[in-house]
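Number of protein chains: 2
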Amino acid sequence: MRATGRPTLAGVAERAGVSLKTASRVLNGEPNVADGTREKVRLAAAALGFRRNAVAADLARGGASRLLGFISGDIANPFYSAVAGGIERVAREHGLHLITTSCEEDPARERLLTEELLERRVRGLVVTPTPAGHDHLAGELAAGTRLVFADRPAAGLAADSVVIDNPGGVRAAVRHLTAHGHRRIAFVGDNPEVWTFRERRAAFAGAMSDAGAPGAERWVRPGAHDAGTARALVTDLLTAPEPPTAILAENNRVTEGALRALRAVPGGDDVALVGFDDFPLADLLGVTVVAYDAAELGRRAADLVVTPGPAASSPRTETVPTRLIPRGTGERRPRA
Amino acid sequence: MRATGRPTLAGVAERAGVSLKTASRVLNGEPNVADGTREKVRLAAAALGFRRNAVAADLARGGASRLLGFISGDIANPFYSAVAGGIERVAREHGLHLITTSCEEDPARERLLTEELLERRVRGLVVTPTPAGHDHLAGELAAGTRLVFADRPAAGLAADSVVIDNPGGVRAAVRHLTAHGHRRIAFVGDNPEVWTFRERRAAFAGAMSDAGAPGAERWVRPGAHDAGTARALVTDLLTAPEPPTAILAENNRVTEGALRALRAVPGGDDVALVGFDDFPLADLLGVTVVAYDAAELGRRAADLVVTPGPAASSPRTETVPTRLIPRGTGERRPRA
DNA sequence: CTGTTAGCGCTTTCAG
DNA sequence: CTGAAAGCGCTAACAG
Chain U
1 MRATGRPTLA
11 GVAERAGVSL
21 KTASRVLNGE
31 PNVADGTREK
41 VRLAAAALGF
51 RRNAVAADLA
61 RGGASRLLGF
71 ISGDIANPFY
81 SAVAGGIERV
91 AREHGLHLIT
101 TSCEEDPARE
111 RLLTEELLER
121 RVRGLVVTPT
131 PAGHDHLAGE
141 LAAGTRLVFA
151 DRPAAGLAAD
161 SVVIDNPGGV
171 RAAVRHLTAH
181 GHRRIAFVGD
191 NPEVWTFRER
201 RAAFAGAMSD
211 AGAPGAERWV
221 RPGAHDAGTA
231 RALVTDLLTA
241 PEPPTAILAE
251 NNRVTEGALR
261 ALRAVPGGDD
271 VALVGFDDFP
281 LADLLGVTVV
291 AYDAAELGRR
301 AADLVVTPGP
311 AASSPRTETV
321 PTRLIPRGTG
331 ERRPRA
Chain Y
1 MRATGRPTLA
11 GVAERAGVSL
21 KTASRVLNGE
31 PNVADGTREK
41 VRLAAAALGF
51 RRNAVAADLA
61 RGGASRLLGF
71 ISGDIANPFY
81 SAVAGGIERV
91 AREHGLHLIT
101 TSCEEDPARE
111 RLLTEELLER
121 RVRGLVVTPT
131 PAGHDHLAGE
141 LAAGTRLVFA
151 DRPAAGLAAD
161 SVVIDNPGGV
171 RAAVRHLTAH
181 GHRRIAFVGD
191 NPEVWTFRER
201 RAAFAGAMSD
211 AGAPGAERWV
221 RPGAHDAGTA
231 RALVTDLLTA
241 PEPPTAILAE
251 NNRVTEGALR
261 ALRAVPGGDD
271 VALVGFDDFP
281 LADLLGVTVV
291 AYDAAELGRR
301 AADLVVTPGP
311 AASSPRTETV
321 PTRLIPRGTG
331 ERRPRA
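Protein sequences, first through last, are from chains U and Y.
For what it's worth, the UniProt record's numbering labels the leading residue of the first sequence as 1, then goes sequentially.
For what it's worth, the UniProt record's numbering labels the leading residue of the second sequence as 1, then goes sequentially.
Right, here's the structure in full:
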């Protein structure tokens, strides 16, 4: 008894009065079939409403399925969905489909999802890793699994990755602000567990030092994981004695919070603001940002997945460039 | 010769000195296995780095794979990604993974993707349909495939669907504007092929008529498929003789274009604006909108997919409510 | 040009 | 508690 009621290749073959293999050949568009036979099989397939079972086909071919996996923090987040769009585009060019999943920044869930996708025999995996260690994947990597990390490298695992040019972006922002006369620049960002935060923070300290304003660490405010806390931190900064004249927001959630704080605090309109990450309608709001192409991040990651590196090579790391877009808030000068 | 170098269940069984079936039982956590045997198998599996092949397992079970498909217009679009997030959440509760694809609003591509996902034997499919006919899926539906349309119903096919409360949202917007004294209200929207446009446009005409301002069709401007054309259309409207005192933007791209037009046209600050669809930072921009929960749309669609309707029932249609959020632009009164 | 014989890696009867 | 045999639906040699 068939488990599903669906017509099978065997059914088509029988109805057409040919062998299984011949039916297979026709339905796969292979050559060397008589036109008449071809037609008979086509008719039988149509009459039965036959649809080939790609799962069985993949299995028989013995290889991986035609699927790519993407483990993101949250697929509903526009940043990740832009990355997913980039991955999908490349996947499509290679005849692959994309399975998208969200781990909610939870290491345990990331690991579970990785396991499940691997069991599904995906062709490769793009992961935006949580801060947890990833050494448990070393064996998988050695076995030849195509694994690429996006936006940040995996802790404790030498694997291909593609990241944003964080240092370059932050340096550009700091230079922009100091060129406009700022010395007291605050850096407000996410939690220190987050790799991108640490990268950007380090670049900030370095750039400030280069600008002849060392000791900038004192202007660093971590812990703004959402717009609400960012707003509170910025408000605190601005209402304390000797407030900063400029804010460098480490990501778009912080930028949003900073924007709200600047609106609410008296004199906030005079405080300069540069945000890392562009966002929709930022031009209407006049917000100066450090922008980059998130879809490009996805495209490059997918390229790395589908393009095996030179055997036994060391991990490849690619960098997506950033550019500063002046729109107003970043060009405010400190009050004399 | 094995096609892949991966360890198989047979390999584990051999190494553990048990039969295939026993190894299977252990690795699937089935009961009735002696503790010692269980341990032996576990050890063998670990030593080999065994990972079960979920594809083969699904096939052997004869059913569909544990995958759900989502065919959207563009996964990089925040609206669709919010929907995807909702679908994924429900899918996860049912132990399913989500394959996301983008058809770029192209009917041929939508059809191709549908075929491919069906060949992959997905458990069910959520589709945001292009305007093309979908009668080719009638057989599939009859065969029991779980198919649900989201955001708009499929043309020419009686299938389950979940949509936004378009009439309610538009009526609320019109009532809001007329209550603030507006009579000359323009409705700017997408192309007439788009189902949501037609729904909203019809509701607009009805609501205007109800408000004692019939003949509103003359204030309707279709054809704004992107923010650029929307901006041009709104600029034309405002610079013509007897310009409208209020704009109802049919979707968020139109709202964006209208916003830019209002900024650029002299006196644009006095024109009221209500947009259908909420968007990030709309509050900072002070834009009054008709909002709804896109993730809820996805959740409900996924619910319909995993919950078979009463056999032979007529298609189920669900509606996601909207609500008007006043933020400033919608409360401007016409100049005396 | 067409068919036969083996599997892919796993699950399921149904006997021991 | 354990195993042998039969298949899921399809593809891949290798003959004819």
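The beta-carbon is built from N, C-alpha and C at its ideal position, and this holds for glycine as well.
Simplified DSSP assignment, three categories, for residue i
i      : result
H97/Y  : strand
S65/U  : coil
D160/U : strand
F204/Y : helix
R146/Y : strand
S81/U  : helix
A211/U : coil
T49/Y  : The question names Thr, but residue 49/Y is Gly in the sequence shown. DSSP places G49/Y in coil when its eight states are reduced to three.
T130/U : coil
I87/U  : helix
S102/Y : strand
T239/U : helix
E318/U : strand
S24/Y  : helix
H182/Y : coil
V306/Y : helix
F197/Y : helix
P107/U : helix
R92/Y  : helix
N32/U  : coil
L297/Y : helix
CB-CB length for residue i against residue j, believed under 8 Å
i      : j      : result
R66/U  : H97/U  : 6 Å
E140/Y : L118/Y : 7 Å
I99/Y  : V83/Y  : Not a contact, Cβ separation roughly 14 Å.
E199/U : N166/U : 4 Å
G73/Y  : E105/Y : 5 Å
G169/Y : F276/Y : 6 Å
A261/Y : V234/Y : 4 Å
V148/Y : V305/Y : 5 Å
A295/Y : G85/Y  : 5 Å
P280/Y : A186/Y : So it is not a contact: roughly 25 Å between Cβ atoms.
Residue i, buried or exposed, once every other Cβ within 10 Å from all chains shown has been counted against 16
i             : result
E250/U        : buried
T101/U        : buried
K40/Y         : buried
S19/Y         : exposed
D278/Y        : buried
A142/U        : exposed
A240/Y        : exposed
G29/Y         : exposed
G156/U        : exposed
G309/Y        : exposed
E88/Y         : buried
S314/U        : exposed
T22/Y         : buried
T130/U        : buried
residue 342/Y : Outside the shown range of chain Y, which is 1 to 336, sits residue 342/Y, and nothing can be said about it.
Beta-bridge partners of residue i, as assigned by DSSP
i      : result
L273/U : I247/U
R125/U : Here residue 125/U is Leu; the residue named in the question, Arg, does not match the sequence. Paired residues: G69/U, L147/U.
L324/U : V290/U
V188/Y : R221/Y, A249/Y
A155/U : G133/U
Beta-carbon gap between residue i and residue j smaller than 7 Å
i      : j      : result
V12/Y  : L48/Y  : yes
A150/U : V290/U : no
T196/Y : R146/Y : no
V265/U : T329/U : no
A246/Y : A227/Y : no
R221/Y : V188/Y : yes
D283/Y : V90/Y  : no
R333/U : H225/U : no
V320/Y : Y292/Y : yes
H176/U : L285/U : no
V274/U : L248/U : yes
G124/Y : L68/Y  : yes
I71/U  : C103/U : yes
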